[in-house]
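Number of protein chains: 2
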Amino acid sequence: MYSIRVSTPERLIEATRELLWERGYVGTSPKAILQRAGAGQGSMYHHFTGKPGLALAAIRRTAQETRAAAEAVLGGPGSPYERIEAYLRRERDVLRGCPVGRLTMDPDVVASDDLRAPVDETLDWLRERLASIVEEGQELGEFPPALDGEEIAATIVATVQGGYVLARASGSAAAFDTGVRGLLSLLAPRSPAGDSPARGSSTPTKA
Amino acid sequence: MYSIRVSTPERLIEATRELLWERGYVGTSPKAILQRAGAGQGSMYHHFTGKPGLALAAIRRTAQETRAAAEAVLGGPGSPYERIEAYLRRERDVLRGCPVGRLTMDPDVVASDDLRAPVDETLDWLRERLASIVEEGQELGEFPPALDGEEIAATIVATVQGGYVLARASGSAAAFDTGVRGLLSLLAPRSPAGDSPARGSSTPTKA
DNA sequence: GTCTATATAACGATAGAC
DNA sequence: GTCTATCGTTATATAGAC
Numbered sequence: 001m002y003s004i005r006v007s008t009p010e011r012l013i014e015a016t017r018e019l020l021w022e023r024g025y026v027g028t029s030p031k032a033i034l035q036r037a038g039a040g041q042g043s044m045y046h047h048f049t050g051k052p053g054l055a056l057a058a059i060r061r062t063a064q065e066t067r068a069a070a071e072a073v074l075g076g077p078g079s080p081y082e083r084i085e086a087y088l089r090r091e092r093d094v095l096r097g098c099p100v101g102r103l104t105m106d107p108d109v110v111a112s113d114d115l116r117a118p119v120d121e122t123l124d125w126l127r128e129r130l131a132s133i134v135e136e137g138q139e140l141g142e143f144p145p146a147l148d149g150e151e152i153a154a155t156i157v158a159t160v161q162g163g164y165v166l167a168r169a170s171g172s173a174a175a176f177d178t179g180v181r182g183l184l185s186l187l188a189p190r191s192p193a194g195d196s197p198a199r200g201s202s203t204p205t206k207a
Numbered sequence: 001m002y003s004i005r006v007s008t009p010e011r012l013i014e015a016t017r018e019l020l021w022e023r024g025y026v027g028t029s030p031k032a033i034l035q036r037a038g039a040g041q042g043s044m045y046h047h048f049t050g051k052p053g054l055a056l057a058a059i060r061r062t063a064q065e066t067r068a069a070a071e072a073v074l075g076g077p078g079s080p081y082e083r084i085e086a087y088l089r090r091e092r093d094v095l096r097g098c099p100v101g102r103l104t105m106d107p108d109v110v111a112s113d114d115l116r117a118p119v120d121e122t123l124d125w126l127r128e129r130l131a132s133i134v135e136e137g138q139e140l141g142e143f144p145p146a147l148d149g150e151e152i153a154a155t156i157v158a159t160v161q162g163g164y165v166l167a168r169a170s171g172s173a174a175a176f177d178t179g180v181r182g183l184l185s186l187l188a189p190r191s192p193a194g195d196s197p198a199r200g201s202s203t204p205t206k207a
């Protein structure tokens, strides 16, 4: 294995991605980015228009990676419920928060249409993707037909995003998992033909 | 009505509360606080230990008010489901985000046990309060006994907190409402004996 | 392309007059 | 108690050498 020599713009983007995740936009200074990237002032302003331009490149990449990671699970094998469960139970750096969702609490990101756009598009895509899976599950009889796919999708995404809030408030990932288990118990397929009425049969804990 | 003359410490706390809500801790400077409060540097450092001390007073008050506002609905009239619904549908400044929850995305708040404590306590209190209401609903047959009260409570709080994220990402309060409707449809009492699946208002006691 | 030097403003806090 | 003056540091950006 050769050690890969990464270009300076590449290092700048990656350093910015890390810092935006850790400290947000207003909490990240160009100086901190340059130190982490091992670059000088000149490099940053040569390749990018400044802090906003560099942040835009970083946010776009993070958004793209986040979508790809979600699709890897949502487009995987299993029934609709199983794929949603896999998405909800996917391993996460819970205490670090969502690298996309956390940006919505950044006043300068929300104030900029450019910076907010990738965030909006990512969460919107995720909601649509989940909505179609819920509807697929309804056709298969896995979910009650009375449910609204888009509403349930929004609830799923919100539970994940809010789970990060609960976890970071308490300093423990447990709260995230508790909220996810609650949602899964509400979504758990009730057998359509009149089987045992036990809810949450596929949730391991709290039998 | 006499116009009330508010003390300087009072104005400082209120200005800080507003700015913490709008811009978070790292995004709020002492200078901005002093300008909004109409006070000079000396006043702030005379009454408080500095930015962290002032922020702590502001966060504590916001936490207290948030709990009181939630209790006003959760301790109100109606069945357990109805009280939860009232809490979820309560009017909110959705696009401004949650003044308590948004602080969890602030690196300096999370890094400080003092500043994080009121946030943690508020969300923890809310989860416990909701859990007891869910369990009450289970005793009344309004919710399935297989559900776990604490899990459902965490899901409810997470849906609200995540709803703010969706709303701020899209720049519209609609996404919040969509997620709430999805959660309510999952929680809606299904008649225990196999009645009609109409949701909402058929409650046994305390109508 | 990358670096250092520099510029202007803001940040967070202190000192001391009144 | 409140004010202004000041301090040392950082934020964000530009200039110009190499």
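Line by line, the protein sequences give chains A and B.
With the UniProt record's numbering, the residue at position 76 of the first sequence is 76, and numbering never jumps.
With the UniProt record's numbering, the residue at position 4 of the second sequence is 4, and numbering never jumps.
We put the CB at the ideal spot given by N, CA and C, even for glycine.
In terms of residue numbering, what span does the alpha helix (DSSP H) encompassing B/M105 cover? Taken as a continuous stretch (DSSP letters only), B/M105 belongs to no alpha helix (DSSP H), as it is neither H nor E.
Flag this pair as yes or no: are the beta carbons of A/L12 and A/M44 separated by less than 7 Å? yes
Outcome for A/L54 when other beta-carbon atoms lying within 10 angstroms are tallied against a minimum of 16: buried
Would you mind sorting A/L102 into buried or exposed? The rule is 16 or more other CB atoms within 10 Å of its CB. The sequence given here places Arg at residue 102 of chain A; Leu does not occur at that position. A/R102 comes out buried.
Any Cβ of chain B within less than 7 Å of the Cβ of A/R199? Low confidence applies to A/R199: its pLDDT is 45, below 50, so where it sits in the model is not reliable, and the reading given next is rough at best. Closer than 7 Å to some Cβ of chain B, the Cβ of A/R199 qualifies, so yes.
Can you give the Cα-Cα distance for B/G194 and A/R89, rounded to whole angstroms? With a pLDDT of 37 at B/G194, under the threshold of 50, the modelled position of this residue cannot be trusted, and the question is left open.
For the candidate residues A/P77, A/R5, A/P9, whose alpha-carbon lies nearest to that of A/G50? A/P9
B/R181 CB to nearest chain A CB: under 7 Å? yes
I need the boundaries of the alpha helix (DSSP H) containing residue 221 of chain B, first residue and last residue. Residue coverage of chain B in this structure runs from 1 to 207, which leaves residue 221 of chain B outside it and unanswerable.
Taking the continuous alpha helix (DSSP H) assigned at B/Y87, which residues delimit it? 80 to 89
Could you pull out every residue in the same chain whose Cβ sits closer than 7 Å to the Cβ of A/L34, ignoring the five residues on either side in sequence? G40, Q41, M44
For the UniProt domain "HTH tetR-type" (6 to 66) of chain B, which residues have a CB atom closer than 8 Å to at least one CB atom of chain A, in sequence order? E22, R23, G24, V26, G27
I want to verify the contact list: residues of chain B whose CB lies under 9 Å from the CB of A/P107, in sequence order. E22, R23, G24, G27
Strictly below 9 Å CB to CB, what residues from chain B border A/A111? None at all; the shortest Cβ gap to chain B is about 10 Å.
May I ask you to verify whether the region 146 to 166 of chain A touches the region 180 to 188 of chain B, counting CB pairs closer than 8 Å and requiring at least 3? yes
Just the Cα atoms here: how many angstroms apart are A/G200 and A/A153? In this prediction, A/G200 scores a pLDDT of 42, lower than 50, which makes its location untrustworthy; the coordinate-derived value is nonetheless stated afterwards. Rounded to whole angstroms, A/G200 to A/A153 spans 19 Å at the Cα level.
Run down chain B in chain order and give the residues with a C-beta less than 7 Å from the C-beta of A/G163. A158
Can you look up B/F176 in the DSSP assignment and give me helix, strand or coil? helix
Is it buried or exposed for B/A15, if we count other Cβ within 10 angstroms and need 16 for buried? buried
So, using beta-carbon positions, are B/V26 and A/G171 closer together than 7 Å? no
To the nearest angstrom, how far is it from the Cα of B/K31 to the Cα of B/R61? 21 Å
Residues near B/A131 by beta carbon distance below 7 Å, same chain, minus five either side: G149, E150, A153
Does the beta carbon of A/K206 come closer than 7 Å to any beta carbon on chain B? In this prediction, A/K206 has a pLDDT of 38, which is less than 50 and means its spatial position is unreliable; nothing more can be read from the coordinates.
Taking Cβ positions only, does B/L147 come closer than 7 Å to chain A? yes
Cα-Cα separation, A/D120 to B/I4: 43 Å
Grab the span of the alpha helix (DSSP H) containing B/G42 for me, first residue to last. 41 to 47
Report the neighbours of A/G101 on chain B: residues whose CB is nearer than 7 Å to its CB, in chain order. V165
Hey, quick one: how far does the alpha helix (DSSP H) through B/R61 stretch, first residue to last? 51 to 74
DSSP state of B/F170 mapped onto helix, strand, coil: Checking the sequence shown, residue 170 of chain B turns out to be Ser, not Phe. DSSP places B/S170 in helix when its eight states are reduced to three.
Is A/L123 close to chain B? Criterion is C-beta to C-beta, closer than 7 Å. yes
Using the beta-carbon count (16 or more within 10 Å), is B/A198 buried or exposed? Reliability of the predicted coordinates at B/A198 is poor, the pLDDT of 41 falling under 50, and no value is obtained from them.
Go ahead and label A/Q64 buried or exposed: buried means 16 or more other beta carbons lie within 10 angstroms of its beta carbon, across all protein chains shown. exposed
With a threshold of 7 Å between beta-carbons, can B/E142 be considered close to chain A, or not? no
List the residues of chain A whose Cβ lies closer than 8 Å to the Cβ of B/E151, in chain order. T178, G179, R181, G182, S185, K206
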